[in-house]
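Quick note on our numbering: the sequence shown kicks off at 2 and runs consecutively.
Notes to accompany the following structure.
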Amino acid sequence: MQQDVRVGPPALLDDYRPHPGVYDECVDERGQLRPHWRPFVERFAALAPPARNDLERLVRRRLQAAGVAFNVYAQPDDERASWDLDLWPTILSVDDWAALERAVVQRVRLLEATLTDLYGRQGLLRQKVLPPALVFGNRDFLYPCSQWQDLPVPFLVNYACDVARDADGRWVVLADQVDAPTGQGWVLASRLALGQAMGPLFLEAGVRRLTAHLNRLGEALRAGGEEAGQTVLLSRGPEDPSYFSHAFLARSLGLPVVEAADLTQRGGRIFLKTLEGLQPVGVVFRKRAARELDPLHLPGFGGRGTAGLVDAARLGNVRVINALGTGVLQSRTIGPFAERLCRHLLDADPLIADAPVRWLGDPDQRTATLQDPSWSLSPMTARHDPGARGAAELDNDGSPAVTQLLAREGHGWVAEQPVTLGTVPCWRGGRLEPVPWAMRLFACVSADGVHLLPAALGRLSSTAASAGLPSGAGSKDVWIAAPPDQPPLAALLSQRMASTTLQRGERDLLSGTAEALFWLGRYTERMDSTLRMLRAVLARLLEAGTAAETAQLLLHLVRLHLDEEPEGDTTLARLGHAVATLLHAEDCVDGLAGCLQGIQRNAILARGVLSLDSWNALNALRTDGRWRQSWRSALSQPPVELVDDALRMLVAFSGTAAEHMTRNDAWRFLDLGKRLERALQVAELVSRGLRTPPGVDRDGALSALLEIGDSYMTYRARYASLPMAVPVVDLLLLDETNPRGLVFQVERLEATLAELPHEGPYRSPAQRSVLGLLTRLRKLDARDLVNDEGKAEPLATEAQAVRTALEAASDQLGRAYFLLAETPTTTLSARRASAP
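What follows is the structure, given as structure tokens:
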């Protein structure tokens, strides 16, 4: 019989019923509210129902604005990739947290001693404490990192441990995360979103803060490596489901996020490729598996990684964190042997037990497991990452195929028995429900010991039992009750330097970031041009309807951004197909869907150098749900408001970039992309727009070109007449004072290129291409390009010259700054003439 849980504020907990016989974090077995929950519950209960709903919406908005997701490329409303944070936190008492701290500290000491032995004297194998097949049959035991003269002690600087309460309330270990632990960024983003949304409710709850731990982690990462070079965070890139977490943590620590292609090895040292050349790296804080880092010594991953990284680490020229080879103890590796190891190495019993696990390299354990289907089979080093999807498993059905596989490869497999998870209250549909949960704890190892992050990555489970950290049912922010004597809060950037050198400019821009900024500028300008054309078309559609003459003009305008002739039997049908293509087709070069993807991809890569306002403008554009609606009937229901709002977001982004970005290389590459793409768009607009087919109103086309080129009011101020071809061409192409005109863009390109770093006394190839184009344009006369009778053949020739020169400049920029990113060297050679 269930007990009546009528405790605390009745309106809030009246219907809350914990599962019978299962430990609940909020309510004890007698149905009483646990003391450390009472302050939060009372304050939350005092809120009116509308205020609670507002809190929930505010938390979602903050998470969406931050871009929190498993897949940073996914649509904002894609539930499979979204970060679902519950409004109610999980609150742990001071005593619970102290017990976990002691257990994790012991666990780190155990893992550190085991790693030191396995990559050193290997006494654990000689004394048969661990079976050799467990180590040498593990693909994460890195032979090139064994028996070094100077072991990289400590092996672990960043550690994570997946833990859960079982049904009886005992903590158990679900997995060790020692290779490349991930998740701190999600914890920080969740805390930021929930804390800011709740405001006074959070401040009055007495929660331990995270800033001191972040400062300690930053100091531990940089320790011993500052003299050798800078510290970087190494990630697989945006394709990694955990990339957001990597990037958010890096920003919190003030570290650049790099990929393997950004690093190179020279003379036994690791360098970072920047626009100023190669910059030394002293510490690599890695967030990818060690076996993927060096194709020279650790082959088998398609050449990915940085060749020579193992050599640099062995020589002591770079510190890799966590040390190379720690993955041998990833996940459940030591689970079956933890108690034996603890007594052998630490002369103590474990302070926290492991969840039930068996190593299937043992024939007896293998036989017993195959006879009991309650045990699940999984690879020994499965990462149990909350961002991972579909870890490989076997069905424990006793079939001959499974039996033969495990007889052959059992050393790489473990059997796990699901743990019945304790529950925690979750806010679902305006009421509380008990939901099973587990969490990931994070620790850093510094010179003064092991320190836990006073928070955790809470994960909810859709089932009552789980063998690993649950995924897919939502997340929790875990609050740790602060002791009464908690010291004053430390600021995140509280470290002080003994001395510093004043600087003006950041000359270590990554080549990958420079490329992302360049293409971000191009995609935003490309989308801007398409939106302005669509606005002109849709406005005329609303004003003049779908008369034949109007439809022909509108189709002519839409064709300016299409490479192929739209389908349809009539002019109106072709117009509808063309507009739908520009709105939805991802493979259309100037299409809005493709532009949005390009903006999102490059904004994510360049986020570290974008201002908060710039990011917010682009993120608001991306998260607008109207883009994912069907606009197939755009002619009958024109999306004018969507187009106008999108243009305002792009203008806001351009304005914040122009006003807020320091005039450094980051700003230059963003501006180069914008200027180059705008020049291409204007040249194409005028060249193709003036070649009107029969039946198209030429005056209407000229007016539309001025409107799309954002120069209509300037034209009206200069010429009190209907638009004419010659002055339109002069204003849009050759007027050096028009900030939307072609020559203005080329002038800015030439000036900005001159400010980029390059070697040698001569102009770079890109400068030469742009300077040649600028000289050619300045020699032109609009009257020689077009006349009012419609002849524009010379204009088409000049437009082709513009495309050729600008595309060449784009390629030359890529070769000089985005690919090699090393200082070019000009070599002059002479050959002695042979004697006649």
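Where a beta carbon is used, it is the ideal one built from N, C-alpha and C, also for glycine.
Treat the numbers as computed from the prediction; the structure is a model and nothing was measured.
Spatial distance of residue i from residue j (CA atoms)
{"i": "Gly22", "j": "Phe45", "result": "27 Å"}
{"i": "Gln598", "j": "Leu264", "result": "27 Å"}
{"i": "Phe475", "j": "Trp84", "result": "In the sequence under discussion, the amino acid at residue 475 is Gly, which differs from the Phe named in the question. Cα-Cα distance, rounded: 7 Å."}
{"i": "Ala755", "j": "Gln768", "result": "7 Å"}
{"i": "Ala667", "j": "Leu250", "result": "21 Å"}
{"i": "Arg523", "j": "Leu750", "result": "13 Å"}
{"i": "Gly306", "j": "Met714", "result": "54 Å"}
{"i": "Leu193", "j": "Arg39", "result": "23 Å"}
{"i": "Gly399", "j": "Leu378", "result": "11 Å"}
{"i": "Pro401", "j": "Pro296", "result": "37 Å"}
{"i": "Gln601", "j": "Leu707", "result": "29 Å"}
{"i": "Ser615", "j": "Cys27", "result": "42 Å"}
{"i": "Gln630", "j": "Val641", "result": "14 Å"}
{"i": "Arg367", "j": "Gln65", "result": "47 Å"}
{"i": "Asn665", "j": "Met528", "result": "25 Å"}
{"i": "Thr1", "j": "Leu611", "result": "Past the edges of the chain, shown from 2 to 837, lies residue 1, and the structure says nothing about it."}
{"i": "Phe338", "j": "Val358", "result": "10 Å"}
{"i": "Glu566", "j": "Ala705", "result": "20 Å"}
{"i": "Gln231", "j": "Pro281", "result": "7 Å"}
{"i": "Leu734", "j": "Leu796", "result": "10 Å"}
{"i": "Ser191", "j": "Cys427", "result": "15 Å"}
Simplified DSSP assignment, three categories, for residue i
{"i": "Asp177", "result": "strand"}
{"i": "His452", "result": "strand"}
{"i": "Leu490", "result": "With a pLDDT of only 44 at Leu490, under 50, the local geometry of the prediction cannot be trusted, and no value is derived from it."}
{"i": "Arg18", "result": "coil"}
{"i": "Ala168", "result": "coil"}
{"i": "Met440", "result": "strand"}
{"i": "Thr368", "result": "helix"}
{"i": "Gln185", "result": "helix"}
{"i": "Asp698", "result": "coil"}
{"i": "Glu293", "result": "helix"}
{"i": "Ser400", "result": "coil"}
{"i": "Thr464", "result": "coil"}
{"i": "Tyr720", "result": "coil"}
{"i": "Thr421", "result": "strand"}
{"i": "Thr91", "result": "strand"}
{"i": "Arg541", "result": "helix"}
{"i": "Tyr144", "result": "helix"}
{"i": "Ala483", "result": "coil"}
Beta-carbon gap between residue i and residue j smaller than 8 Å
{"i": "Glu260", "j": "Arg287", "result": "no"}
{"i": "Asp167", "j": "Val436", "result": "no"}
{"i": "Ala702", "j": "Val787", "result": "no"}
{"i": "Leu352", "j": "Ala165", "result": "no"}
{"i": "Val158", "j": "Asn318", "result": "no"}
{"i": "Gly592", "j": "Val683", "result": "no"}
{"i": "Leu838", "j": "Val173", "result": "Because residue 838 is not part of the residues shown, which for the chain are 2 to 837, the question remains open."}
{"i": "Leu422", "j": "Phe670", "result": "no"}
{"i": "Pro153", "j": "Ala308", "result": "no"}
{"i": "Leu342", "j": "Ile335", "result": "yes"}
{"i": "Asn316", "j": "Gly283", "result": "Looking at the sequence provided, one finds Leu at residue 316 rather than Asn. Against a cut-off of 8 Å, the Cβ pair of Gly283 and Leu316 comes out as no contact."}
{"i": "Arg432", "j": "Asp16", "result": "yes"}
{"i": "Thr514", "j": "Ala607", "result": "yes"}
{"i": "Leu143", "j": "Leu299", "result": "yes"}
{"i": "Thr657", "j": "Ala618", "result": "yes"}
{"i": "Ala809", "j": "His412", "result": "no"}
{"i": "Ala465", "j": "Ala290", "result": "no"}
{"i": "Ala176", "j": "Ser375", "result": "no"}
{"i": "Val425", "j": "Lys477", "result": "yes"}
{"i": "Gly184", "j": "Ser246", "result": "yes"}
Residue-level contact to chain C via CB, residue i, 8 Å cutoff
{"i": "Arg344", "result": "Absent here is chain C; the protein component of the structure consists of one chain."}
Stretch-stretch touch, CB-based, cutoff 8 Å, three pairs: the region 704-722 with the region 566-582: no
The region 437-454 touching the region 212-219, judged by at least three CB pairs closer than 8 Å: yes
Cβ contact (3+ pairs, closer than 8 Å) linking the region 688-695 and the region 538-547: no
Cβ contact (3+ pairs, closer than 8 Å) linking the region 88-102 and the region 33-44: yes
Any alpha helix (DSSP H) of 4 or more consecutive residues that is wholly inside the region 661-695: 666-690
Three-pair Cβ contact test at 8 Å for the region 102-116 versus the region 46-58: no
Residue ranges of each alpha helix (DSSP H) within the region 601-648, 4 or longer: 613-623
Runs of alpha helix (DSSP H) wholly within the region 186-271 (minimum 4 residues, chain order): 201-204, 212-223, 244-254
Complete runs of the alpha helix (DSSP H) confined to the region 747-829 [at least 4 residues]: 766-779, 783-786, 794-814
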